[in-house]
Amino acid sequence: MKQVHVDVAVIGGGPAGLAASLAARKEGAERVLIIERNTELGGILQQCIHHGFGLHRFKEELTGPEYAQRFIDFIKETDIEVMLETMVLEVTPERKIYAVNSESGMLEIHAKSIVLAMGCRERTRGALRIPGGRPAGVYSAGTAQRYVNIDGYVPGKKAVILGSGDIGLIMARRFTLEGAKVEAVVEVLPYAAGLTRNVVQCLEDYDIPLYLQSTVIEIHGNKRIEAVTIAQVDEKWNPIPGTERKIECDTLLLSVGLVPENELSSQAGVAIDPITNGPLVDDAMMTNLPGIFACGNVLHVHDLVDNVSKESERAGMYAGRYALGKSSEKARRIKVQAGENIRYVVPHEVSSEEPVEFFMRVQRPQDDVALDVGGLRRIRKTSVRPSEMLDVKITPEQLQSLEGDTLVIQIVEQ
Amino acid sequence: MLKHITCTVCPMSCNVELTLGEDNEILSLTGNKCARGKAYATSEHLHPERTLTSIVKAKGGMHPVLPVRTNKPIPKDKLKEGMQVVSKVEAQAPIKMGDVIVADFLGLGVDLVATRDL
Amino acid sequence: MKVTDKQTLTAQVVIVGGGIIGTATARELSRYNVDVLLLEAEAEVGWGTTKANSGIVHGGFHEEPGTLKAKYCFPGNQMYPQLCEELDVCFKQNGILMVGRTPEEMETVQEYYKRGTERGVKLQLLSREELLEQEPNLDPELAGALYAPEGGSVMPFELAAALMENAVQNGVRYEVNAKVIGAWAEGGKKYLETAEKVIEADYVINAAGLFSDDLARMFGDDYFSIRPRKGEEYIFDLSVKDMVKSTIFPVPGKISKGILVIPTAAGNLMMGPTGDNVDEKEDLGTSQDGFNRVFDGAKSLVPGLDPRKIIAQFAGVRAASDRGDFIVELSPNVPGLVHLAGIESPGLTAAPAIAADVPRLLREAGLELEEKEDFNPRRSGVIRFHTLSREEQDKLVQEDPSFGRIICRCESITEGEIVDAIHRGARTLDGIKFRVRAGAGRCQGGFCQPFITQILSRELGIPVTQVTKAGPGSEQVKYEAKELSEQEVL
Chain V
-17 MKQVHVDVAV
-7 IGGGPAGLAA
3 SLAARKEGAE
13 RVLIIERNTE
23 LGGILQQCIH
33 HGFGLHRFKE
43 ELTGPEYAQR
53 FIDFIKETDI
63 EVMLETMVLE
73 VTPERKIYAV
83 NSESGMLEIH
93 AKSIVLAMGC
103 RERTRGALRI
113 PGGRPAGVYS
123 AGTAQRYVNI
133 DGYVPGKKAV
143 ILGSGDIGLI
153 MARRFTLEGA
163 KVEAVVEVLP
173 YAAGLTRNVV
183 QCLEDYDIPL
193 YLQSTVIEIH
203 GNKRIEAVTI
213 AQVDEKWNPI
223 PGTERKIECD
233 TLLLSVGLVP
243 ENELSSQAGV
253 AIDPITNGPL
263 VDDAMMTNLP
273 GIFACGNVLH
283 VHDLVDNVSK
293 ESERAGMYAG
303 RYALGKSSEK
313 ARRIKVQAGE
323 NIRYVVPHEV
333 SSEEPVEFFM
343 RVQRPQDDVA
353 LDVGGLRRIR
363 KTSVRPSEML
373 DVKITPEQLQ
383 SLEGDTLVIQ
393 IVEQ
Chain A
634 MLKHITCTVC
644 PMSCNVELTL
654 GEDNEILSLT
664 GNKCARGKAY
674 ATSEHLHPER
684 TLTSIVKAKG
694 GMHPVLPVRT
704 NKPIPKDKLK
714 EGMQVVSKVE
724 AQAPIKMGDV
734 IVADFLGLGV
744 DLVATRDL
Chain D
689 MKVTDKQTLT
699 AQVVIVGGGI
709 IGTATARELS
719 RYNVDVLLLE
729 AEAEVGWGTT
739 KANSGIVHGG
749 FHEEPGTLKA
759 KYCFPGNQMY
769 PQLCEELDVC
779 FKQNGILMVG
789 RTPEEMETVQ
799 EYYKRGTERG
809 VKLQLLSREE
819 LLEQEPNLDP
829 ELAGALYAPE
839 GGSVMPFELA
849 AALMENAVQN
859 GVRYEVNAKV
869 IGAWAEGGKK
879 YLETAEKVIE
889 ADYVINAAGL
899 FSDDLARMFG
909 DDYFSIRPRK
919 GEEYIFDLSV
929 KDMVKSTIFP
939 VPGKISKGIL
949 VIPTAAGNLM
959 MGPTGDNVDE
969 KEDLGTSQDG
979 FNRVFDGAKS
989 LVPGLDPRKI
999 IAQFAGVRAA
1009 SDRGDFIVEL
1019 SPNVPGLVHL
1029 AGIESPGLTA
1039 APAIAADVPR
1049 LLREAGLELE
1059 EKEDFNPRRS
1069 GVIRFHTLSR
1079 EEQDKLVQED
1089 PSFGRIICRC
1099 ESITEGEIVD
1109 AIHRGARTLD
1119 GIKFRVRAGA
1129 GRCQGGFCQP
1139 FITQILSREL
1149 GIPVTQVTKA
1159 GPGSEQVKYE
1169 AKELSEQEVL
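Quick note, the sequences are listed as chains V, A and D, same order. -17 is the number of the first residue of the first sequence in our numbering; add one for each residue after it. 634 is the number of the first residue of the second sequence in our numbering; add one for each residue after it. 689 is the number of the first residue of the third sequence in our numbering; add one for each residue after it.
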């Protein structure tokens, strides 16, 4: 078995891995390796051909591939090593990675520190238990996106889309622009889950109906999907009898949630937050396993890739520092608590010795509120929405002034 | 006549109501909570524009399709025509990000460019 | 196409139906010097009732004495270890527990103990303490159980595919997408018509499952009917696979064996099945009501089951007969026609024993069967990458780099295994999923489907737009980019 020794091993070459590896290298770690299963770097960005990426970071509205290319170009200027078409099979707590590719066979990679940047998978029809048979023509939106934008195939010509998150909205437009008819987007919430801009530019622009507080209650068809039955739902998401409607279609796209892909993490013994489905991390983005860091969608589902890059640069920097032996045991451990109307906060624990950027999501929409960070900072917000992540920076000095060992982050009314 | 435009500049998503005159000119507008909303709604009413992003068939590259974009927004009502043109284009690898695939797209002074290397 | 225009095939024995019974029979007959052809309606073998089977190899204590179910079930169970070893199919012999809750149920448990023991089944009675020690995650209110250590489970589609492969190895021919649309007897021969061909046979074995009554009627045998009965099953994520070790049965009711909790041979925990009489033989939909009943039943056995960990569900239809028992007999009217029908539970378990009895029936009908000298009972060369050690995996990739490309991330399935499955007969995405598990994991093909689609296109030499999920009419991606834009104006 081929033995490889590196300072920092980054699992995943999408936006998180790209940013983390550059930061680790910049910090001074000499051998930085990206392990990527695809034939190219860029991760999910390569199939996100729409624009809207990079507005904060580059002050431009780039497409996914363009955003990826910026980082890929940076990587090319360094000596960061890249293994493509290589799949990681196992990560051990001692920071050994088993990965395999056709060229080298099984690789045993010894890393001084590891950055987990594996991204997400999509929630499936099976997880939703949508009644009906199992005909062809039912896809998760991301898989359909890959078929269209990378492989050049359009799955069907008459689609219904379940879920009005950004992926569903984007695919409504993609399908329409490729000549298919999108009959409806169906959303269980009373409001669209994605950005308003996408509702306007993906649905309204093309007169695609959006049915709120509705869901798909049955899939019809034997070999290929022939129709779906949709129904309105109550506040508990139970179908309301009498509101059923059948919509003929040959394609059903499911845009019903992303799940951080932490199989490798769990198997290694990384502690997982049941709310985010991602690892518990501290202000160095380190998990409970020493020297193993996490960032990007594997840590929690982001909506702006700019934030992924920011978060991942921190993780990469600390991973680099760890590999160089420059980390030290922190004196104080402050637990971060998600308070009123906060669904989760990352990182989960801070030391008061490092500056921190907290990322969080609210549980429900609210207007005219303030974000209160442990009484240390209070930021006014005209509106907060679950679909739009919030971030707030805190300095070590502010943290040091905190009394007690718990930092409560909450939404307060103005 | 009244027209409603949802502003997409920030998460508030203000519902801007425009009062239009006989020639479709804006007489007044309300509902926006800031000046950016006024600018957006005005622009969206007078000359709605969109960046077109799509794929074109490609030969000789790693993938059989190439993602492209208009390098500046084009009038919204030109999108359909734009897609017809896009469906007939075939690009030839090797291609660099930024390469012009169709110059002066639809005669609008805008180029259709590649958004990745292929 | 008129019958007379169709291509004619001949065979001595034609088996109609490539489910577990048909494929087991094919393999059995391939021991003899006889020309056998199997016709399967679907795109791949094992796709009727067999595909949706719970996969349980029963202990052999359930069946009422004097029935054909009893005649074949326990002997079938005893044949499984050798059969699966020969065919290199995973037989998970993890035992079966029938648990009782009330004194009445425990009496019933005692009766099954007696019934099974008389039959020769290895059985133990467990007290509540012994039961909970063996299975700590069971409902602590349970009173005790019957334990059959020689019960277990297989993946029924894997077994059917392996049986077919071995049969083919030994000279059997088969056709898929070959639904029989007409049948008749004439001049001492029997004829079967499909969409494209006519097959002339000396002997016909009706193993057509749900459609065995239709086939019988085509030949003029109208003395039994299939009463389709649907069952829904729900599959859990691998992360909860160790909740129970053995398959857990409640005390059975009148109609069905009840809702079970099944550690499958694939590794995933599964719960089900329901048992609902349906009108449509092809009603394969799962339902909210079905889920509720399955979950209620399963939870009463294993309280800790979490519905959020469900990754997939499916339904199948049992080919139960109006006789309430197996039909394993020669047709009383048509010489040389054998009916193997009404094979519902414990059909999977009984299959090897039923198949082993078919030569007797054929001999009765006049066929001389002479054993082959060169019959090879072994299927070999199946590689399961994820079961190998790291060193073995490394060696494998060095020998064949296609094993170094992991396609299914959730189950760690390589391109080499997928290509091998295609060479062994997989023709569809589902065929690959059922044979090698690619696409059966927690992401349900979300990641790997586009890659498997490309591999099928390449290996079968067909355009990507003709790759199907499950046979004609289920093409995975129907259009090439721009094909629709050219057709329609927005």
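Beta carbons: idealized from backbone N, C-alpha and C, even for Gly.
| Check | Outcome |
| --- | --- |
| Hey, out of 23/V, 350/V and 249/V, whose CA is closest to residue 367/V's CA? | 350/V |
| If you draw a straight line from the alpha carbon of residue 647/A to that of residue 307/V, how long is it in whole angstroms? | 51 Å |
| Is residue 291/V closer than 9 Å to residue 47/V when the C-beta atoms are compared? | no |
| Taking only the alpha-carbon atoms, compute the straight-line gap between residue 131/V and residue 174/V and give it to the nearest angstrom. | 24 Å |
| I'd like to know whether the C-beta of residue 695/A is nearer than 9 Å to at least one C-beta of chain D. | no |
| Comparing C-alpha positions only, which one of 892/D, 984/D, 761/D and 1030/D sits nearest to residue 703/D? | 892/D |
| If you follow the alpha helix (DSSP H) that residue 1053/D is in, where does it begin and where does it stop? | Here residue 1053/D belongs to no alpha helix (DSSP H), and DSSP marks it neither H nor E. |
| Using a Cβ-Cβ cutoff of 8 Å, what residues of the segment 92 to 106 of chain V are near chain D? List them in chain order. | 103, 104 and 106 |
| Could you give the distance in angstroms between the alpha-carbon of residue 180/V and the alpha-carbon of residue 153/V? | 10 Å |
| Can you tell which of 762/D, 920/D and 978/D has its C-alpha closest to the C-alpha of residue 1006/D? | 920/D |
| Can you list the beta strand (DSSP E) stretches of 3 or more residues lying completely in the segment 31 to 76 of chain V, in chain order? | 33 to 35, 63 to 65 and 69 to 73 |
| Short of 6 Å in beta carbon distance, which residues of its chain neighbour residue 1178/D, apart from the five on each side in sequence? Order them along the chain. | Because the pLDDT at residue 1178/D is just 45, under 50, the model does not fix this residue reliably, and the point stays unresolved. |
| Going by other Cβ atoms of all chains shown within 10 Å of its Cβ, with 16 needed for buried, is residue 1128/D buried or exposed? | buried |
| For residue 741/D, count neighbouring C-beta atoms within 10 Å of its own C-beta (all shown protein chains included) and say buried if the count is 16 or more, exposed if not. | buried |
| So, does the segment 387 to 396 of chain V touch the segment 353 to 373 of chain V, judging by three or more C-beta pairs under 8 Å? | yes |
| Do residue 669/A and residue 642/A have their beta-carbon atoms positioned less than 9 Å apart in this structure? | yes |
| Measuring alpha carbon to alpha carbon, tell me which residue in 816/D, 1101/D and 1130/D is nearest residue 1120/D. | 1101/D |
| Helix, strand or coil: how does DSSP classify residue 93/V here? | strand |
| Rank 267/V, 134/V, 365/V and 16/V by C-alpha distance to the C-alpha of residue 396/V and give the top, closest one. | 365/V |
| Helix, strand or coil, according to DSSP, for residue 363/V in the structure here? | strand |
| Measure the alpha-carbon distance for residue 1090/D versus residue 84/V and round it to whole angstroms. | 6 Å |
| How would you label residue 156/V, buried or exposed, when you count the other beta carbons within 10 angstroms and need 16 or more for buried? | buried |
| Within a Cβ cutoff of 6 Å, which residues of the same chain sit near residue 1133/D, ignoring the five residues on either side of it in sequence? | 1127 |
| Could you please give me the residues that DSSP links to residue 815/D through a beta bridge? | 832/D |
| Hey, quick one: how far does the alpha helix (DSSP H) through residue 713/A stretch, first residue to last? | 712 to 719 |
| Quick check on residue 911/D: does DSSP put it in helix, strand or coil? | coil |
| Within 9 Å of any Cβ in chain D, is that where the Cβ of residue 421/V sits? | The first residue shown for chain V is -17 and the last is 396, placing residue 421/V beyond what the model contains. |
| What's the call for residue 894/D, buried or exposed, on a 16-neighbour Cβ count within 10 Å? | buried |
| Roughly how far, in whole angstroms, is the beta-carbon of residue 95/V from the beta-carbon of residue 326/V, given that I think they are within contact range, below 8 Å? | Actually they do not touch by this definition, with Cβ atoms about 25 Å apart. |
| To the nearest angstrom, how far is the alpha carbon of residue 341/V from that of residue 940/D? | 53 Å |
| By Cβ distance, which residues of its chain are closer than 7 Å to residue 695/D, with the 5 residues on each side in sequence left out? | 884 and 885 |
| According to DSSP, residue 340/V sits in a beta bridge with which residue or residues? | 374/V |
| For residue 877/D, write down the residues that DSSP places opposite it in a beta bridge. | 874/D |
| Which residues in the same chain as residue 680/A place their Cβ atom closer than 8 Å to its Cβ, once the five residues preceding and following it in sequence are excluded? | 708 |
| Determine the closest residue to residue 835/D out of 1023/D, 746/D and 963/D, with distance taken between C-alpha atoms. | 746/D |
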